[in-house]
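Encoded as structure tokens, the structure appears first; notes follow it.
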Amino acid sequence: METNTKKLVTNIICTLLYAVFTLILVLHHETWADEAQVWQLAKHLSIFDFSLFKHLVNEGHPSFFYILMMPFAKMNISIMFMQIFCWICMVASVFLFLQYSPFNKFAKFAIVTSSGFLYFFPVIARSYSIIPLLVFALVLLYPKSNKHPYWYAALLFMLANTHVIMFAFCGLLALDFLYKYLIKARRELSKNDLKKYAAAFGIMCIGLIAVVLQLHGTTSSNVVIRIDYTDNFVINTIKVLSQFFINAVDNQWPENKQIMFPLVNMPLIILSVFLYIGLLAAILIKSKKFFTIVFLSILFQIVIYIYYYSHWIFVTRIFCAHIILIFSLWLILQQENISKKFKNIVNIVIALFFLFTCLNGLKYSVMDIKYDYSGAKETAQWIVKNIDKNNSVIITDNDPYAMGVVYYLKGANEIYSAQHEYNIKYVVWDKKIFYILDKDGWDKYAKYVIENKEYFKNKKIYALVPFFDADILKVSELKNYKLLYESHPAIVKLEGFRIYEYLGDIK
């Protein structure tokens with residue numbers, strides 16, 4: 282009893298230390314485009330008129346996280362609610378992991394201080410942040426799924442509808458449930474138990490079908506998430522697999538402020554590959570079932586990246602695959618027939634694997650404290666102070682990167698989409714978003730809207746240009762535009778902003 286009490290107190294203290302450290306980062310973190318997009322969708326769309334579900338086919342994500350955020354977004358409270366919600370989910374995840382997982386102290390320390398747990402899950406407020414909590418709840422309930430089939434089914438339903446990359450994992454666990462309780466043991470069960478398990482399996486199937494219905498047609502609706510058979514399969518595969526291991530150790534998302542570890546990176550990345558293979562081999566040795574679940578679940582994610590989204594494999598996505606690895610090893614190590622030697626080897630291997638990512642988490646933690654993550658907040662504050670909403674129009678040709686600015690403006694000023702020709706509320710990922718204006722394009726566009734759009738008559742025109750466009754398309758060479766403002770370099774280079782005033786004649 283004393284040992285259990287000591288363990289509980291120790292884990293509570295460790296969880297509190299984790300909570301304090303990550304909360305400092307959360308409170309300093311500036312909202313960026315992807316986070317703002319979630320909040321804006323929850324604010325402006327609804328489940329009652331099906332507008333949310335109609336748009337999600339364009340978004341490429343199922344609805345659960347949006348529905349959770351929707352009541353609070355519609356109350357016009359700060360997006361900080363979403364950040365705190367995601368942070369709380371991760372704090373709860375860490376406590377469950379420390380208190381109930383069978384890993385030793387070294388392995389637990391390595392996983393909790395890995396880049397996903399230390400920074401990317403708790404600080405970047407997106408649906409990925411609730412996946413560890415749902416998976417850890419599943420792993421605790423897995424051995425008791427026959428006693429609590431409805432809770433188990435509900436968790437699988439929620440997890441499947443949190444992110445499509447967890448679809449195969451949830452589907453395989455549903456099949457595992459079907460085999461164990463409705464096929465293998467059906468003759469030993471009472472009619473009431475059979476009905477109960479059948480109903481629970483039905484809930485799982487409904488959850489999986491819901492994902493398919495919500496996202497059917499995404500590859501034709503979303504211009505970024507699509508199958509392109511003209512792409513080179515071999516090149517895409519190499520790119521995805523390399524990013525899968527490289528980004529977890531030292532994420533290379535385009536940044537202005539980078540703290541790099543060039544002498545350490547490559548050896549750690551190479552070792553990570555061998556350690557990962559070793560962990561998969563350990564799972565295969567002890568359980569072919571769990572190996573099949575892990576291998577196919579992660580393969581499903583890899584295939585999605587290769588065929589649908591090979592542009593960039595974010596750390597949060599990588600760690601969703603790692604969470605599945607933890608799920609399987611958690612269940613294997615707590616089995617009674619596992620030898621102490623095997624446990625020690627697995628603990629050492631998994632500890633090293635996750636420890637190698639720690640520098641990446643620390644790098645981002647330091648950067649997020651020292652620098653702005655995005656220039657959106659600073660830019661929005663400048664706009665509110667210096668641009669008269671009633672006498673001006675602010676145009677951007679890059680809706681996705683402008684989303685953070687749109688959120689922080691909170692309606693004080695509007696941002697007009699050059700491609701879609703409306704004030705932006707959220708991003709629509711159609712082909713128009715690729716029509717980025719170059720140096721000459723801005724001048725031509727300004728003349729076009731002045732001559733053809735009543736909305737622009739007798740108003741000053743300003744251009745909101747992300748650093749990405751300014752650098753690549755030489756917007757800095759504009760002849761008829763005057764540079765008024767430039768945000769400080771942010772961590773994410775794509776979310777630094779410049780504002781130009783159009784100097785041409787206004788009719």
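Residue numbers for the sequence shown follow the working numbering, so the first one is 282 and each next one is one higher. Every residue gets a Cβ at the ideal spot worked out from N, C-alpha and C, and that includes glycine. As the structure is a prediction and not an experimental result, all values here were calculated from the model.
The bridge partners DSSP lists for residue 742 are 674. Its Cα nearest to that of residue 385, the residue 611 stands out among 785, 611, 664. The beta carbons of residue 438 and residue 484 sit closer together than 8 Å.
The straight-line gap separating the alpha-carbon atoms of residue 489 and residue 743 is approximately 46 Å. Following the DSSP letters along the chain, one finds residue 389 inside the alpha helix (DSSP H) bounded by residues 386-393. The shortest C-alpha to C-alpha distance from residue 712 to any of 724, 503, 696, 520 is the one to 503.
The Cβ atoms of residue 332 and residue 639 do not sit closer than 8 Å to each other. Bridge partners of residue 747 according to DSSP: 778.
The Cβ neighbour count for residue 716, taken over all protein chains shown within 10 Å, is under 16; the residue is labelled exposed.
In the DSSP assignment, residue 764 falls within the unbroken beta strand (DSSP E) covering 762-767. Between residue 675 and residue 745 a beta carbon distance of about 5 Å is seen, short of the 8 Å cut, so the two are scored as contacting. Residue nearest to residue 364 within the set 549, 405, 778 is 405 (criterion: CA-CA distance). DSSP places residue 607 in the helix class (H, G or I) of the three-state scheme. Within the region 609-648, the complete alpha helix (DSSP H) segments of 4 residues or longer fall at 621-636, listed in chain order. Residue range 696-698 is occupied by the beta strand (DSSP E) that includes residue 697. For residue 452 and residue 520, the gap between their C-alpha atoms comes out near 27 Å.
Around the beta-carbon of residue 321, 16 or more other beta-carbon atoms lie within 10 Å, marking it buried. Rounded to the nearest angstrom, the gap between the Cα atoms of residue 492 and residue 677 is 33 Å.
With a threshold of 16 other beta carbon atoms within 10 Å, residue 596 meets it and is buried. The beta carbon of residue 419 is closer than 6 Å to those of 436 in its chain, skipping five residues each way along the sequence. In the DSSP annotation of this structure, residue 408 is not part of any alpha helix (DSSP H), being labelled neither H nor E. Contact between the region 573-586 and the region 599-610 is present, with at least three C-beta pairs closer than 8 Å. Linking residue 780 to residue 530 through their CA atoms gives a straight-line distance of about 36 Å.
Less than 8 Å divides the Cβ of residue 709 from the Cβ of residue 339. For residue 783, DSSP records a beta bridge to 762.
Distance from residue 726 to residue 699 at the Cβ level is roughly 6 Å; contact confirmed, criterion being Cβ atoms closer than 8 Å.
For residue 666 and residue 305, the gap between their C-alpha atoms comes out near 28 Å.
Boundaries of the alpha helix (DSSP H) harbouring residue 531: 514-531, taken from the DSSP string. Two segments are said to touch when three or more pairs of C-beta atoms, one from each, lie closer than 8 Å; by this definition the region 366-385 touches the region 293-305. Checking the DSSP bridge columns, you'll see residue 704 partnered with 697. A distance of 8 Å or more separates the beta carbons of residue 417 and residue 409. With contact defined as three or more Cβ pairs closer than 8 Å, the region 306-318 and the region 679-695 are in contact. Using a Cβ distance threshold of 8 Å, residue 762 and residue 783 count as a contacting pair. Between residue 643 and residue 397, the alpha-carbon positions lie close to 11 Å from each other. For residue 343, the CB contacts under 8 Å within the same chain, skipping 5 residues up- and downstream, are 337, 441, 442, 443, 444, 445, 491, 492, 495, 496 in chain order. Pairing residue 525 with residue 598, the inter-Cα distance amounts to about 9 Å.
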